[in-house]
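Participant:
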Amino acid sequence: MSFIELKGITKHFQTKNGLVKAIDGVDVAIEKGDIFGIVGYSGAGKSTLVRLLNGLEVASSGEVLIDGEDVSKLTGAKLREFRKKVGMIFQHFNLLWSRTVLQNIELPLELAKVPKAQRKKRAEELLRLVGLEGRGDAYPNELSGGQKQRVGIARALANNPEILLSDESTSALDPQTTDEVLDLLLQINRKLGLTIVLITHEMHVIRKIANKVVVMEQGKIIESGNVLEVFQNP
Ligand code: ADP
Ligand code: ADP
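Structure below.
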């Protein structure tokens, strides 16, 4: 059994204009330690797929299994415990602008009711990990885009997740900063054995760090495999 399994997934949304099939019969298997890319044009269903993985959406049919557990069946304390297993980073960072860098990183720990002294220690450790030592008291708007995303990554790692979901996390960054952030993700993948699932529309991102990839179009997977195989096609 794979670490993450999506089996026969469909996801419909009821809208004013009728039923939208966001995901239409998708099977995906992701192994522990994979850097797994999901590519496709806007509207292909990528974000919906990722929201199924963090339990923010429930599939219309099919199963989402993480570590053998059906995510859609989790409730209460088990769901809260599961959420800690999954960290998420975003295109526009989603930092709180009125809080310092350290306070942003501590937020998930506060929600998990980690005592203050322990939170601070953990947040400082994370700052070092992402290369922002000494910037803990800065506010997000004093940082460059790349530094903001490093804060986003540190916050996502606060609860020691097993999976990191990245939704276009480098799309707002220039090419050099993109490469720096990708290097950091690669380093974290190797150091912590973290499984990374990343959505992107940039092939360069996939080529640089992913080992496996699926290409989505209109809710379906039209291509999948190892990155080298998939991108070998002329
Ligand atoms: P992508 O991330 O690849 O751009 P999405 O997963 O966001 O694609 O969207 C896939 C399709 O599902 C699109 O047609 C989108 O409009 C639709 N969709 C996504 N979320 C919702 C929603 N909450 N309500 C209605 N339609 C949605
Ligand atoms: P964008 O690049 O889309 O403008 P930003 O990175 O500027 O996004 O902002 C990310 C999110 O934070 C947005 O939802 C935005 O509304 C919110 N935001 C931006 N600036 C502030 C601020 N000074 N105070 C509170 N929220 C903010």
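For the sequence shown, my numbering assigns the number 1022 to the initial residue and increments by one for each residue that follows. We put the CB at the ideal spot given by N, CA and C, even for glycine. All values derive from a computational prediction rather than experimental measurement.
Check His1033 in the structure and name its three-state DSSP category.
Facilitator: Residue numbering aside, residue 1033 sits at position 12 when the sequence shown is read from its first letter. Three-state DSSP puts His1033 in a strand.
Participant: Under 7 Å Cβ to Cβ from Leu1116, same chain only, skipping five residues before and after it: list those, please.
Facilitator: Here residue 1116 refers to the residue found at position 95 when the sequence shown is read from its first residue. Answer for Leu1116: Asn1125, Pro1161, Lys1169, Val1172, Gly1173, listed in chain order.
Participant: Given a threshold of 16 other Cβ atoms within 10 Å of its Cβ, counted over all protein chains shown, does Asn1075 qualify as buried or as exposed?
Facilitator: Taking the sequence shown and counting its residues from 1, one reaches residue 1075 at position 54. Counting Cβ neighbours within 10 Å, Asn1075 comes out buried, since at least 16 surround it.
Participant: Mapping DSSP to helix, strand and coil, what is Leu1215?
Facilitator: As a position in the sequence shown, residue 1215 is number 194, starting the count at 1. Three-state result, Leu1215: coil.
Participant: Might you give, ordered along the chain, the residues of its own chain that have their beta carbon closer than 7 Å to the beta carbon of Glu1154, omitting 5 neighbours on each side?
Facilitator: For the purposes of this step, residue 1154 is identified with residue 133 of the sequence shown, where counting begins at 1. The residues are Leu1148.
Participant: Which one or two residues does DSSP pair with Ser1082 in a beta bridge?
Facilitator: Within the sequence shown, numbered from 1, the residue matching residue 1082 stands at position 61. Per DSSP, Thr1031.
Participant: Helix, strand or coil for Ala1043, going by three-state DSSP, please let me know.
Facilitator: Locating residue 1043 in the sequence shown gives position 22, where the first residue counts as 1. In the structure shown, Ala1043 sits in a strand (DSSP, three-state: E or B).
Participant: How would you write the range of the alpha helix (DSSP H) that Leu1100 sits in, first residue to last?
Facilitator: For this step, residue 1100 is matched to residue 79 along the sequence shown. Leu1100 -> alpha helix (DSSP H) spans 1097-1105.
Participant: Helix, strand or coil for Lys1137, going by three-state DSSP, please let me know.
Facilitator: Indexing the sequence shown from 1 puts residue 1137 at position 116. Of the three classes helix, strand and coil, the one that applies to Lys1137 here is helix, per DSSP.
Participant: Give me, in chain order, the residues of the same chain whose beta-carbon lies closer than 6 Å to that of Lys1042; leave out the 5 immediate sequence neighbours on both sides.
Facilitator: For the purposes of this step, residue 1042 is taken as residue 21 along the sequence shown, with counting starting at 1. If we look at Lys1042 and ignore the five residues flanking it on each side, its Cβ neighbours are His1033, Gly1240.
Participant: Does the segment 1195-1203 touch the segment 1042-1055, meaning 3 or more C-beta pairs lie closer than 8 Å?
Facilitator: Short answer: they don't touch.
Participant: From Ile1059 to Ala1065, what does the alpha carbon distance come to, in whole angstroms?
Facilitator: Translated into positions along the sequence shown, residue 1059 becomes position 38. Translated into positions along the sequence shown, residue 1065 becomes position 44. One C-alpha to the other measures close to 10 Å.
Participant: Consider the C-beta atom of Thr1096 and the heavy atoms of ligand 1; say whether any pair is separated by less than 7 Å.
Facilitator: Position 75 of the sequence shown, counted from the first residue, corresponds to residue 1096. No.
Participant: Taking the C-alpha atoms as reference points, what is the distance between Gly1083 and Leu1073?
Facilitator: Translated into positions along the sequence shown, residue 1083 becomes position 62. Translated into positions along the sequence shown, residue 1073 becomes position 52. Going by the C-alpha atoms only, they are around 11 Å apart.
Participant: Taking the beta carbon of Lys1067 as the centre, do at least 16 other beta carbons fall within 10 Å, making it buried, or is it exposed?
Facilitator: As a position in the sequence shown, residue 1067 is number 46, starting the count at 1. Label assigned to Lys1067: buried.
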